[in-house]
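Trainee: Here you go, one structure.
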Amino acid sequence: WGFAKRIYRMFPSSSKEEDLERNMNAALDAVPIKTMRKFARRSDRFMDAYRKGLDGIQAVWASKRYRGHRVLPKNIMALFDK
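Residue numbers (UniProt numbering): 1 to 82.
So this is what it looks like as structure tokens:
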């Protein structure tokens with residue numbers, strides 16, 4: 001995750017394994033629940049788009065267009081057939 005990675009990079013460099021593990025756990029704990037849920041919702045929309053037969057570019061468009069919805073409409077492919 002980019003959020004946790006950015007926080008992890010703010011910690012001082014170390015070569016000790018226990019420091020690295022402590023820093024990693026602290027960075028992961030610093031990620032807000034709201035951010036995790038937002039990422040999960042967006043990922044779910046992409047998975048739904050791929051399940052319905054959309055390719056990458058179409059999935060990006062559909063994810064932006066239907067971002068207020070949990071899943072895409074059943075007739076999403078009909079929009080691309082026009």
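Virtual Cβ for every residue (Gly too), placed ideally from N, Cα, C.
Is the separation between the beta-carbon of Leu79 and that of Ala49 shorter than 7 Å?
Mentor: As a position in the sequence shown, residue 79 is number 79, starting the count at 1. As a position in the sequence shown, residue 49 is number 49, starting the count at 1. Not in contact: Leu79 and Ala49 (Cβ atoms no closer than 7 Å).
Trainee: Looking at the structure shown, is Phe3 part of a helix, part of a strand, or coil, going by DSSP?
Mentor: Residue 3 sits at position 3 when you count from the first residue of the sequence shown. In the structure shown, Phe3 sits in a helix (DSSP, three-state: H, G or I).
Trainee: Within the continuous alpha helix (DSSP H) that includes Ser13, where are the two ends?
Mentor: Working through the sequence shown from its first residue, we reach residue 13 at position 13. Per DSSP, Ser13 belongs to no alpha helix (DSSP H) and is neither H nor E.
Trainee: What's the C-alpha gap between Ala26 and Glu18?
Mentor: For the purposes of this step, residue 26 is taken as residue 26 along the sequence shown, with counting starting at 1. For the purposes of this step, residue 18 is taken as residue 18 along the sequence shown, with counting starting at 1. The alpha-carbon atoms of Ala26 and Glu18 are separated by roughly 12 Å.
Trainee: In whole angstroms, what is the alpha-carbon distance linking Leu54 and Met24?
Mentor: By one-based count along the sequence shown, residue 54 stands at place 54. By one-based count along the sequence shown, residue 24 stands at place 24. Computed Cα separation, rounded: 36 Å.
Trainee: When DSSP labels each residue in this structure, what does Gly56 get in the three-state scheme?
Mentor: As a working note, residue 56 is residue 56 in the sequence shown. Gly56: helix per DSSP, three-state reduction.
Trainee: Quick one: using the 10 Å Cβ neighbour count with 16 as the cut-off for buried, is Ser63 buried or exposed?
Mentor: Translated into positions along the sequence shown, residue 63 becomes position 63. It is buried - the Cβ of Ser63 has at least 16 other Cβ atoms within 10 Å.
Trainee: For the alpha helix (DSSP H) containing Tyr50, name the first residue and the last one.
Mentor: Within the sequence shown, residue 50 is the residue found at index 50, counting from 1. Segment 33-51, the alpha helix (DSSP H) holding Tyr50.
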